[in-house]
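Remarks on the structure that follows.
There are 2 protein chains.
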Amino acid sequence: MAKIPYRFYLTEEQMPKQWYNLRADMKEQPDPLLNPADLKPLKEEDLYPIFCKELAHQEMDSETAYYDIPDEILEMYKIYRPSPLIRAYNLEKELGTPAKIYYKFEGNNTSGSHKLNSAIAQAYYAKKQGLTSLTTETGAGQWGTALSEACSYFKLPLTVFMVKCSYEQKPFRKAIMQTFDANVIPSPSNTTEVGRKILESNPDTTGSLGCAISEAVEKAVTTEGCRYVLGSVLNQVLLHQSIIGLEAEKAMNILGEYPDVVIGCAGGGSNLGGLIAPFMRDKIKGEKDIRIVAVEPASCPSFTRGKYAYDFCDTGKVTPMAKMYTLGCSFMPSANHAGGLRYHGMSPILSKLYHDGYMEAVSYEQTKVFEAAKLFARVETILPAPESSHAIRCAIDEALKCKETGEEKTILFGLTGTGYFDMTAYNAFNEGTMSDYIPTDEDLQKGFDALPKVE
Amino acid sequence: MAKIPYRFYLTEEQMPKQWYNLRADMKEQPDPLLNPADLKPLKEEDLYPIFCKELAHQEMDSETAYYDIPDEILEMYKIYRPSPLIRAYNLEKELGTPAKIYYKFEGNNTSGSHKLNSAIAQAYYAKKQGLTSLTTETGAGQWGTALSEACSYFKLPLTVFMVKCSYEQKPFRKAIMQTFDANVIPSPSNTTEVGRKILESNPDTTGSLGCAISEAVEKAVTTEGCRYVLGSVLNQVLLHQSIIGLEAEKAMNILGEYPDVVIGCAGGGSNLGGLIAPFMRDKIKGEKDIRIVAVEPASCPSFTRGKYAYDFCDTGKVTPMAKMYTLGCSFMPSANHAGGLRYHGMSPILSKLYHDGYMEAVSYEQTKVFEAAKLFARVETILPAPESSHAIRCAIDEALKCKETGEEKTILFGLTGTGYFDMTAYNAFNEGTMSDYIPTDEDLQKGFDALPKVE
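Below, the structure written as structure tokens:
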């Protein structure tokens, strides 16, 4: 094999044609979703009013290991995929590490992140079922942008409830979604019952993700031919995102490589679950002895300081309950928390794997994360999203450990996206006004006290 | 050959190792740069106080056809290149055209445009000569960002004079440059003689590109070990940007294709000159009978309505004079002009080729351009920069002509960058508040009247 290139792209023919469902190979399954009304496990049909049928099936299916990716989805994947597997030669040199560092870069598409991989699948299945519109919510706007792109491509009308403070503070994110013809509504709004109630009692509220979810779900279930879609946490999302890991595995295989450590940032788990899927499969099967590391913000530490318990998936408590690592559905990260990764819970699949000892987790304070981001940008010339920079921080620290021990480990991390819409946070870091916040045990206890009682 | 893929990447081994200097094959040379003091042609040495020696040499050299790209530059190119050659299957389908549409996409790097190709070269040669700092100016910020990235990579301190109104209106562009450790100064500033003079006579001015150039040049020539660099117009810049065309030519060759029409947007000419270089060579040599089309905004129509005359390269009249298509160095596009491509003049090389009949030029009003941008974004899922969207508009119109005539032409256009920092303009278009402006003949006459008298 000649020298490994900086950027390696699979050819179109080499692109994976199937998604991988990690549940099919897990020794123990995640606990089932529960109906909050009677605390009984949900059946696939129970999800039909919220999700389109194929997605409800994917959500509940723990048997099928490989799903053929429909041709129409593959066609759209080919517009922006395969994403490159990049050898971080410059970062290695800068650190003086004997480690080999690879990253899978998902930011080379207009949504700026991996979110598009699942947005396309969810829009496609909705269109195929004959649905006539979709709703979703967005906070920072990454997911809303990805879904707007996918819906525009499949000509499916979309309503995005955007948290009002983001709507006002991030007019550019709103403008991108509108360019893709999405109907973007600041939440809370007077277009839904729940929105009107909130506005009545608190006319000056700047909104919350919980409220936006509630509005999006209400509009979906009260509109003919409409369904609600979500960009993370769900099993179906991890299934679609497995394309990241499958491409990375195939590319590394062609290059004669296999990672010793796989590192991903973790908010709801969509990127982490997708990136690690085939590597976790090999680990579960005992074929590979590797480490898998989740990286989260110290200000929202679901894995490292959360409880493994049943909880609602949303702040508004309109969704089913899931067994997961959670800080309590009322938990909100401190206002000084800059990036995403602000979800109170975690993918049930990843939660189970972490609980069963297949994964590690670490947390970092944000100034440490931005230090890593800035170093990375200088030598690798990609301005990383704050979310992705958590994985960069961890990869750098792993590489520095190798420098101490002299180990020539192969490190793979997920670079989920770019930071073009996060310049307010970079500005704060550059100007030295960014601060860190770690919730106290007492802060966290409030969230735990509010967990639903499920036995 | 199997079906042509959506995205085609050369491998690292296939990447061009040389730049191509179109002047070496031109039948007639562009007229020389003149010293404004005595109107005599400049010699290479005359440029040494402004540019580093190797770049001054490249600027004046019309003999050498191929320049080896130094290894250090190739190493940095490999971090973000090759850029993909994309077959616009979805756009073709949307238009129902028999034409085959290809585009070379230069937006997949953090600077968001092709500008990085020359920024790297200019920073490298400066570093190699032992210079200790660089200065430049930036308006919208694309060039400033590219140069900040390159200087950060080569650890060369950089001062960017950013037009004050941009500095204030585009804090995110400023923040990116600062993340790459550039010293960004709003212009006019009190750090230069010329800046102080302007501030004295007009304390509330929001600045201009002309003034920023003057400040950057003053700082360069009055600072030990410092030089000034520029991102367009210059011959050296076209040389570096030939990497775009050379990659496109090689990729098309592997795919068994050759364009019938090559289309590029034109501001100062850096992208257009780079993209067309090898195709223009074939045309000049009589080996290919193809059309080459420059696309410019109707609000800044240097080719289509300008004069071919000697003029200053900057508004402040501190630079040498060049023979080029120009609207007069005092010309400023109307305030409602949204994107870049606002330069009063045009690359002397491209001006000569246009004058000699090797190239066509068209102009479009900006609402027509944004219509094309939005259509393109929906079907190709890339949000294009307003500049690049001029080329999209023209490519669409060429493809629609093929639909009428039934011709199966092969169209190649340059997609220079992404529009993430142009959402204010997209917003105006989405909300229907964007207007068009075409300068009257009288407007233009003012610029022509102020042209320097050169016989």
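Line order of the protein sequences matches chains A and L.
Counting the first sequence from 1 gives a position; our numbering is that position plus 13.
Counting the second sequence from 1 gives a position; our numbering is that position plus 13.
Here a beta-carbon is modelled for each residue, glycine too, at the ideal position from N, C-alpha and C.
Quick caveat, the model's predicted, so the values are computed rather than measured.
Report yes if the CB atom of residue i is closer than 8 Å to the CB atom of residue j, and no otherwise.
| i | j | result |
| --- | --- | --- |
| A:Lys263 | A:Pro54 | no |
| A:Ala8 | L:Met447 | Residue 8 of chain A is absent from the structure shown; chain A starts at 14 and stops at 468. |
| L:Arg36 | L:Ile257 | no |
| L:Pro333 | L:Asn34 | no |
| L:Gly281 | L:Ser245 | yes |
| A:Ala408 | A:Ile424 | yes |
| A:Glu206 | A:Glu237 | no |
| A:Tyr356 | A:Ala311 | no |
| A:Cys278 | A:Glu411 | no |
| L:Gly125 | L:Phe434 | yes |
| A:Leu98 | A:Ala261 | yes |
| A:Trp32 | A:Ser255 | yes |
| L:Ala195 | L:Leu171 | yes |
| A:Val242 | A:Gln135 | yes |
| A:Thr431 | A:Ala390 | no |
| A:Thr148 | A:Cys239 | yes |
For residue i, which residues in chain L fall below 9 Å Cβ to Cβ?
| i | result |
| --- | --- |
| A:Leu18 | In the sequence as displayed, the identity of residue 18 of chain A is Pro instead of Leu. The answer, in chain order, is Thr24, Glu25, Glu26 and Lys91. |
| A:Asn103 | Glu88, Met89, Ile92 and Tyr166 |
| A:Lys387 | Thr192, Phe193 and Asp194 |
Beta strand (DSSP E) containing residue i: first to last residue?
| i | result |
| --- | --- |
| A:Cys278 | Val274 to Cys278 |
| L:Met337 | Met334 to Thr339 |
| L:Ala132 | Segment Leu129 to Lys141 is the alpha helix (DSSP H) holding L:Ala132; no beta strand (DSSP E) there. |
| A:Phe325 | Lys320 to Phe325 |
| A:Tyr33 | Gln31 to Tyr33 |
What are the boundary residues of the alpha helix (DSSP H) that residue i is part of?
| i | result |
| --- | --- |
| L:Asn443 | Met436 to Asn443 |
| A:Pro291 | Ser283 to Ile297 |
| L:Cys313 | No alpha helix (DSSP H) contains L:Cys313, which DSSP labels as neither H nor E. |
| A:Leu69 | Here residue 69 of chain A is Ala; the residue named in the question, Leu, does not match the sequence. It spans Lys66 to Met73 - the alpha helix (DSSP H) in which A:Ala69 sits, taken as one unbroken run. |
| A:Tyr271 | From DSSP, A:Tyr271 is part of no alpha helix (DSSP H); its letter is neither H nor E. |
| L:Asp81 | Where L:Asp81 is concerned, there is no enclosing alpha helix (DSSP H), although the beta strand (DSSP E) it sits in stretches over Tyr79 to Asp81. |
| A:Glu455 | Asp454 to Asp462 |
| L:Ile92 | Asp84 to Tyr93 |
| A:Glu7 | With chain A covering only 14 through 468, there is no way to say anything about residue 7 of chain A. |
| L:Gln191 | Pro184 to Thr192 |
Just list the residues that DSSP pairs residue i with in beta bridges.
| i | result |
| --- | --- |
| L:Ile198 | L:Phe174 |
| A:Phe118 | A:Leu428 |
| A:Cys239 | A:Ser146 |
| L:Ile21 | Sequence inspection shows Phe at residue 21 of chain L; the Ile mentioned does not correspond to that position. According to DSSP, L:Phe21 bridges with L:Leu98. |
| A:Ala307 | A:Gly277 and A:Ala374 |
| L:Pro54 | L:Leu47 |
| A:Thr151 | A:Met175 |
| A:Lys113 | A:Thr423 |
| L:Ser165 | L:Ser165 is not bridged to any residue. |
| A:Ser221 | Answer is none; A:Ser221 lacks a bridge partner. |
| A:Ser126 | A:Gly430 |
In chain B, what lies closer than 9 Å to residue i by C-beta?
| i | result |
| --- | --- |
| A:Val173 | In the structure shown, chain B cannot be found, because the protein chains are A and L. |
Using a cut-off of 8 Å between C-beta atoms, extract the partners of residue i located in chain A.
| i | result |
| --- | --- |
| L:Leu396 | Thr123, Ile189 and Thr192 |
| L:Asn443 | Ala188, Gln191 and Thr192 |
Going along chain A in order, which residues have a C-beta closer than 9 Å to the C-beta of residue i?
| i | result |
| --- | --- |
| L:Arg406 | By Cβ distance, chain A contributes nothing, its closest Cβ being about 16 Å from L:Arg406, past 9 Å. |
| L:Asn436 | Per the sequence shown, residue 436 of chain L should be read as Met rather than Asn. Those within 9 Å of L:Met436 in chain A are Pro184, Phe185, Arg186, Lys187, Ala188, Ile189 and Thr192. |
| L:Tyr433 | Thr123, Gly125, Phe185, Ile189, Thr431, Tyr433 and Phe434 |
Please compile the residues from chain L whose C-beta is within a distance smaller than 7 Å of the C-beta of residue i.
| i | result |
| --- | --- |
| A:Glu162 | Thr394 |
| A:Ala132 | Going along chain L, no residue has its Cβ under 7 Å from A:Ala132, so there is no contact; the nearest lies around 11 Å. |
| A:Arg391 | Ser165, Tyr166 and Phe193 |
Could you name the residues of chain A that residue i contacts, counting a contact when the two beta carbons are closer than 7 Å?
| i | result |
| --- | --- |
| L:Asn440 | Pro184 and Ala188 |
| L:Arg36 | Ordered by position in chain A, no residue passes the 7 Å Cβ test against L:Arg36, which lies about 30 Å from the chain. |
>> Restricting to runs no shorter than 3 residues, where is the beta strand (DSSP E) found entirely within the region 342 to 421 of chain A?
In response: List check, beta strand (DSSP E) in window: 373 to 377.
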